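Every letter in the sequence shown is one number past the one before it in my numbering, and letter 59, counting from 1, is 59.
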Amino acid sequence: MATLRCAVRAATRASVAPRFTANVRALGFSTSSITGLSVREKEVPVTTWPAPKDGRSSIPVTPKKNSDFEVDAEENEDIYPLTKEAYSKMSPTMQKMSVHGKTIVITGGARGLGNHMARACVEAGAENLVIFDANQELGEAAVRELYEKTGLPVTFFKVDVRDEDAINAAVDRAVEMYGVPDVLVNAAGIADSNIKAEEYDSKMFRRLIDINLTGTFLMSQAVGRRMIAAGKPGSIILVASMSGSIVNYPQEQSCYNASKAGVVQFGKSIAAEWAKYGIRVNCISPGYMDTALNRVPALEAQKKIWRSLTPQNRLGAVDDLNGLCVFLASDASGFMTGSNVLIDGGYSCY
Ligand SMILES: NC(=O)c1ccc[n+]([C@@H]2O[C@H](COP(=O)([O-])OP(=O)(O)OC[C@H]3O[C@@H](n4cnc5c(N)ncnc54)[C@H](O)[C@@H]3O)[C@@H](O)[C@H]2O)c1
Numbered sequence: 001m002a003t004l005r006c007a008v009r010a011a012t013r014a015s016v017a018p019r020f021t022a023n024v025r026a027l028g029f030s031t032s033s034i035t036g037l038s039v040r041e042k043e044v045p046v047t048t049w050p051a052p053k054d055g056r057s058s059i060p061v062t063p064k065k066n067s068d069f070e071v072d073a074e075e076n077e078d079i080y081p082l083t084k085e086a087y088s089k090m091s092p093t094m095q096k097m098s099v100h101g102k103t104i105v106i107t108g109g110a111r112g113l114g115n116h117m118a119r120a121c122v123e124a125g126a127e128n129l130v131i132f133d134a135n136q137e138l139g140e141a142a143v144r145e146l147y148e149k150t151g152l153p154v155t156f157f158k159v160d161v162r163d164e165d166a167i168n169a170a171v172d173r174a175v176e177m178y179g180v181p182d183v184l185v186n187a188a189g190i191a192d193s194n195i196k197a198e199e200y201d202s203k204m205f206r207r208l209i210d211i212n213l214t215g216t217f218l219m220s221q222a223v224g225r226r227m228i229a230a231g232k233p234g235s236i237i238l239v240a241s242m243s244g245s246i247v248n249y250p251q252e253q254s255c256y257n258a259s260k261a262g263v264v265q266f267g268k269s270i271a272a273e274w275a276k277y278g279i280r281v282n283c284i285s286p287g288y289m290d291t292a293l294n295r296v297p298a299l300e301a302q303k304k305i306w307r308s309l310t311p312q313n314r315l316g317a318v319d320d321l322n323g324l325c326v327f328l329a330s331d332a333s334g335f336m337t338g339s340n341v342l343i344d345g346g347y348s349c350y
């Protein structure tokens, strides 16, 4: 290691091209086309211990086009629950990153991002799953599919997140069935866009705030109260949006943006208040995602602009939040609370 560091220092000190090339050779890099400032290797030497079975010690470098990195849009519809046996064979680090044995409530779990996060929780070891959603048909279909594919107990409550009494009745019943939840994921939400602030109908404005922000409060309060009363630590995950931190372009959508900024700040506030009860609260803030919410003809032209403003040049896939959701639900994120994590393909870099 010390020899390598000396060699690197020597290479760095070299100021003229021939000496630099000689030192690079001494380090074992191939020098096929190191000319001036341009470095274009034709192959990359690889050293692996133990030696790989195929005996390869270098890989060819083939220039790639942007299209080579496009994500396969095909969705995997299968669900693979984490079995107790598989869990027992996992390393301590991976066990901590699972949600083994946890009871998880997910709002908006009937479709879209919420539904895919529900699937991910099952694959990560959830013991019971509860879906809250306002859409009866989709909710029924979602729990039937989850149960048929996994055998896991799953319950759907047709509840509108604006309805405080219905929420409390359903949370009480869920507690009777499965005990106090370990995790709440708030994904239910709606969007309005392309409405100028000066023309926004105040009833529509109130409705959106009621669903996205007040609904988040009502669900968090209902589940949080039961966690506090039971002295049970838990994790609350709020699906906000990058729109809570940036202003989208070109569409005008002041109400949605304000609702999600409210969700982020509400999340931080209860994270601070409830840390003493062992309840963690974090936000996931997605960028543009390819879900039904955005599959409306009026947005087609704007999607091109959205992509062009996103370094990854694509919309997020419907399962792109899954890994973060499981991580935030798991004990691996035990020291994380009050965070707002962007998943936006780099949109907010610009
Ligand atoms: N799709 C995106 O580009 C995007 C980007 C950032 C944030 N988000 C947020 O992610 C969340 C999920 O979005 P999605 O794209 O999966 O949307 P979606 O419309 O596909 O799914 C939303 C789900 O929430 C349910 N829902 C809506 N209103 C409800 C209510 N009042 N009570 C209970 N359930 C209700 C719907 O029935 C549906 O099942 C939303 O909060 C949304 O604001 C989405």
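The beta-carbon is built from N, C-alpha and C at its ideal position, and this holds for glycine as well. Values in this document were obtained by computation on a predicted structure and should not be read as measured data.
Checklist entry - Would the beta-carbon of residue 169 be found less than 7 Å away from any heavy atom of ligand 1? => result The residue you call residue 169 lines up with position 169 of the sequence shown. Result no, Cβ not under 7 Å from ligand 1.
Checklist entry - Do you know offhand how far residue 261's Cα is from residue 245's? => result Residue numbering aside, residue 261 sits at position 261 when the sequence shown is read from its first letter. Residue numbering aside, residue 245 sits at position 245 when the sequence shown is read from its first letter. Their Cα atoms are separated by approximately 6 Å.
Checklist entry - When the Cα of residue 157 is compared with those of 147, 140, 151, which residue comes out closest? => result Working through the sequence shown from its first residue, we reach residue 157 at position 157. Nearest to residue 157 by C-alpha distance, out of 147, 140, 151, is 140.
Next on the checklist: Please give me, in chain order, every unbroken run of the alpha helix (DSSP H) with length at least 4 that falls completely inside the segment 129-160.
Outcome noted: 136-150
Item to check | CA-to-CA distance, residue 172 to residue 205, given in whole angstroms | outcome: In the sequence shown, residue 205 corresponds to position 205, counting from 1. In the sequence shown, residue 172 corresponds to position 172, counting from 1. Each residue's Cα considered, the two are about 31 Å apart.
Checklist entry - DSSP state of residue 242, grouped into three classes? => result To locate residue 242, count along the sequence shown from 1; it is residue 242. Reduced to three states, the DSSP call for residue 242 is helix.
Next on the checklist: In the DSSP output, which residue or residues are listed as bridge partners for residue 107?
Outcome noted: Position 107 of the sequence shown, counted from the start, is the residue given in the question as residue 107. DSSP, once it has assigned bridges, lists 132, 186 as partnering residue 107.
Checklist entry - So residue 212 packs on residue 263, CB below 8 Å; how close in whole Å? => result Taking the first residue of the sequence shown as position 1, residue 212 is located at position 212. Taking the first residue of the sequence shown as position 1, residue 263 is located at position 263. Confirmed, Cβ separation roughly 7 Å.
Item to check | Coil, strand or helix - residue 193 by DSSP | outcome: For the purposes of this step, residue 193 is taken as residue 193 along the sequence shown, with counting starting at 1. Of the three classes helix, strand and coil, the one that applies to residue 193 here is coil, per DSSP.
Next on the checklist: Is residue 111 a contact residue of ligand 1, with contact defined as CB to any heavy atom under 7 Å?
Outcome noted: Along the sequence shown, read from residue 1 onward, the residue named residue 111 stands at position 111. For ligand 1, at least one heavy atom lies less than 7 Å from the Cβ of residue 111.
Next on the checklist: According to DSSP, simplified to helix, strand and coil, what is residue 279?
Outcome noted: Reading the sequence shown from its first residue, position 279 is the one you call residue 279. Note: residue 279 maps to strand in three-state DSSP.
Checklist entry - Is the segment 272-286 in contact with the segment 225-241, if contact means three or more CB pairs nearer than 8 Å? => result yes
Next on the checklist: Can you tell me whether residue 319 sits near ligand 1, meaning its C-beta is under 7 Å from at least one heavy atom of the ligand?
Outcome noted: Here residue 319 is taken as the residue at index 319 of the sequence shown, counted from 1. The answer is no for residue 319.
Checklist entry - When we look at the beta-carbon of residue 255 and count the other beta-carbons within 10 Å, is it buried (16 or more) or exposed? => result Taking the sequence shown and counting its residues from 1, the one referred to as residue 255 is at position 255. Residue 255 is buried by the Cβ-count criterion.
Checklist entry - Bridge partners of residue 85, per DSSP? => result Start at 1 with the first residue of the sequence shown, and residue 85 comes out as number 85. None, per the DSSP bridge assignment.
Checklist entry - Looking at the structure shown, is residue 309 part of a helix, part of a strand, or coil, going by DSSP? => result As a first step, residue 309 must be located in the sequence shown, where it is residue number 309. Coil at residue 309, not helix or strand.
Next on the checklist: Does residue 365 pass the burial test, meaning 16 or more other C-beta atoms within 10 Å, or should it be called exposed?
Outcome noted: With the chain represented from 1 up to 350, any question about residue 365 goes unanswered, as that position is not in the structure.
Checklist entry - For residue 131, does the count of other Cβ atoms within 10 angstroms reach 16, so buried, or fall short, so exposed? => result Translated into positions along the sequence shown, residue 131 becomes position 131. Result: buried.
Next on the checklist: What does DSSP give as the partner residue(s) for residue 235 in the beta ladder?
Outcome noted: As a working mapping, residue 235 is identified with position 235 in the sequence shown. Residue 235 pairs with 183, 280.
Next on the checklist: I need the straight-line Cα distance from residue 134 to residue 283, nearest angstrom please.
Outcome noted: Counting from one through the sequence shown, the residue named residue 134 turns up at place 134. Counting from one through the sequence shown, the residue named residue 283 turns up at place 283. Roughly 22 Å between the two C-alpha positions.
Checklist entry - Which same chain residues, not among the five before or five after residue 374, have their C-beta less than 7 Å away from its C-beta? => result Nothing can be reported for residue 374, as the shown portion of the chain is limited to 1 through 350.
Next on the checklist: By the three-class DSSP mapping on this structure, what secondary structure does residue 343 have?
Outcome noted: The sequence position of residue 343 within the sequence shown is 343, counting from 1. The DSSP-derived three-state label of residue 343 is strand.
Checklist entry - When the Cα atoms are used, what is the spatial distance from residue 210 to residue 217? => result To locate residue 210, count along the sequence shown from 1; it is residue 210. To locate residue 217, count along the sequence shown from 1; it is residue 217. Whole-angstrom Cα-Cα distance: 10 Å.
Checklist entry - In the structure shown, what three-state DSSP assignment does residue 63 receive? => result Along the sequence shown, read from residue 1 onward, the residue named residue 63 stands at position 63. Note: residue 63 maps to coil in three-state DSSP.
Item to check | contact_flag[the segment 322-342, the segment 115-129] where n(CB pairs < 8 Å) is 3 or more | outcome: yes
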